[in-house]
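A.B. asks: One structure, pasted below without further comment.
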Amino acid sequence: MKSILTAIAAATTLANAAFAAGDEMNPVMTELKDGIYQFHMAHYSSLVAITNQGVLVVDTNHEFRAEAMRAEIAKLTDQPVEVVYSHDHFDHSRGGQIFKDEGAEFIAQEGCVELMSRDQENRVVVPDVTYADEHRIELGDKIIDLKYFGSSGGQCQSVIQMPEDKVLMGVDWHLPRFLVSNARLNTHDYVGALNTLRRVSSELDYDTVISGHLEHSAPELLPEELAFVEALYAAVWEGLQNGKTVEELKETVKLPEFDQWLFYKENLPAHVERMAYAIWHGH
Ligand SMILES: [Zn+2]
Numbered sequence: 011m012k013s014i015l016t017a018i019a020a021a022t023t024l025a026n027a028a029f030a031a032g033d034e035m036n037p038v039m040t041e042l043k044d045g046i047y048q049f050h051m052a053h054y055s056s057l058v059a060i061t062n063q064g065v066l067v068v069d070t071n072h073e074f075r076a077e078a079m080r081a082e083i084a085k086l087t088d089q090p091v092e093v094v095y096s097h098d099h100f101d102h103s104r105g106g107q108i109f110k111d112e113g114a115e116f117i118a119q120e121g122c123v124e125l126m127s128r129d130q131e132n133r134v135v136v137p138d139v140t141y142a143d144e145h146r147i148e149l150g151d152k153i154i155d156l157k158y159f160g161s162s163g164g165q166c167q168s169v170i171q172m173p174e175d176k177v178l179m180g181v182d183w184h185l186p187r188f189l190v191s192n193a194r195l196n197t198h199d200y201v202g203a204l205n206t207l208r209r210v211s212s213e214l215d216y217d218t219v220i221s222g223h224l225e226h227s228a229p230e231l232l233p234e235e236l237a238f239v240e241a242l243y244a245a246v247w248e249g250l251q252n253g254k255t256v257e258e259l260k261e262t263v264k265l266p267e268f269d270q271w272l273f274y275k276e277n278l279p280a281h282v283e284r285m286a287y288a289i290w291h292g293h
């Protein structure tokens, strides 16, 4: 067990120490910049921007987590809260009712309305403010920009950036040094994620990064993650052009420069498969 934990820690020094430590059920509110916080709990992160005109929260990620986040915000301010959704997936978008009951507005890319209405458990507050390509929120002294760069982690994905504070939040398309399992990957638009990573890298300015799942991220992890997705794309594309089947590619594609990433060995074939079908189907 110790050697496993040592290996995990070595692979994810920056990215994910808390994952190995097993203290994920503690709610952790971290001030990243003046008035800008990351709320992290249960392998999910939310951005919390606190101003003298109100509070903006990105993602609620389940009822128990929203409740814990509400309690942490109440320790800092009594300003009213509004909610932004990073994307449609229910594990991120469920749990907002506690804020709805206080009168919160819910903001998302326009494609989210229909997708979020599909929740059979009816636990997603459907957004009441939507946008198509870009949306700027000015709240007190803070600016929060939402940008739709196409689908990636979800179909109605917003890239969240605070341009003046140079804060970037990436949810599901930004999960560096970590290969998620097939169950988490099967609706991931890998070609879209590549496009998003390329555009974020070339168009946006940031010195502070929040990952929707990891407790710690950093700007220098973005180029590394882009390099991984570029390499995966190139290998799968080449194989498909040479007539290889997806099953053959799952067995033969290796990306040894990334073999220290968490769950590389276990989950690389699933990533090869998802990339192949994203190329095949267009998403
Ligand atoms: Zn996710």
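In the numbering used here, the protein residues as written are 11 to 293.
Glycine included, each C-beta is placed from N, C-alpha and C at the ideal position.
Keep in mind the model is a prediction, meaning the values are calculated, not measured.
(1) Between which two residues does the beta strand (DSSP E) harbouring M39 extend?
(2) Along the chain, which unbroken stretches of the beta strand (DSSP E) at least 3 residues long are found entirely within the stretch 192-246?
(3) Enumerate in chain order the residues of its own chain whose CB-to-CB distance from G45 is below 7 Å, with the five nearest sequence positions on each side excluded.
(4) Measure the CB-CB distance between G105 and N71 and report whether it falls below 8 Å.
(5) Classify G163 as buried or exposed, calling it buried when 16 or more other Cβ atoms lie within 10 Å of its own Cβ.
(6) For V177, is the classification buried or exposed, using 16 other Cβ atoms within 10 angstroms of its Cβ as the cut-off for buried?
(7) Return yes when the Cβ of E92 is within less than 8 Å of the Cβ of A114, no when it is not.
(8) Figure out for me which residue from I83, A280, P233 and R75 has the closest Cα to the Cα of E41.
(9) Would DSSP call R284 helix, strand or coil?
(10) Could you tell me the alpha carbon to alpha carbon distance between E235 and L189, rounded to whole angstroms?
(11) Counting along the chain, where does the alpha helix (DSSP H) carrying F109 start and finish?
(12) Just grab the DSSP bridge partners of Q165 for me.
(13) So, with DSSP's three-state summary, where would you put E73?
(14) If we ignore side chains and look at the alpha-carbon of each, how far apart do G253 and G292 end up?
(15) In the DSSP assignment, find the beta strand (DSSP E) that holds E148 and state where it starts and stops.
(16) Return the CA-CA distance between D138 and Q165, expressed in angstroms with no decimal places.
(17) I need the straight-line Cα distance from V68 to N205, nearest angstrom please.
C.D. replies: Looking at the coordinates:
(1) Note, M39: beta strand (DSSP E), V38 to K43.
(2) Within the stretch 192-246, the complete beta strand (DSSP E) runs of at least 3 residues are 218-221.
(3) A59, I60, T61 and K152
(4) It is a contact, given that the beta carbons lie within the stated cut-off.
(5) buried
(6) buried
(7) yes
(8) I83
(9) helix
(10) 11 Å
(11) Q107 to K110
(12) According to the DSSP secondary-structure assignment, Q165 is paired through a beta bridge with no residue.
(13) The answer is helix: DSSP assigns E73 an H, G or I state.
(14) 18 Å
(15) E144 to L149
(16) 18 Å
(17) 22 Å
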